[in-house]
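Novice: Sharing a structure with you now.
Numbering (the numbering used here), first residue to last: 13 to 55.
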């Protein structure tokens, strides 16, 4: 999915979807939120 055409196809058709366990999703969201909070505090 490195090319813009591949990205367009993925967004249009929903191809390339990845499923993860709920416990992994929760940890990932927590990590991403920490990064966003840190970036926001640096402004």
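Virtual Cβ for every residue (Gly too), placed ideally from N, Cα, C.
Tell me whether residue 54 counts as near the ligand GTP, meaning its Cβ is closer than 7 Å to at least one heavy atom of that ligand.
Specialist: With respect to the ligand GTP, the structure shown offers nothing to examine, as it has no ligands at all.
Novice: So the alpha helix (DSSP H) residue 30 belongs to, where does it begin and stop?
Specialist: Run containing residue 30: none; DSSP gives neither H nor E here.
Novice: Tell me the residue span of the alpha helix (DSSP H) that contains residue 18.
Specialist: Counting along the chain, the alpha helix (DSSP H) containing residue 18 begins and ends at 16-25.
Novice: Given this structure, state the Cα-to-Cα distance separating residue 36 from residue 28, to the nearest angstrom.
Specialist: Between residue 36 and residue 28, the C-alpha separation is close to 18 Å.
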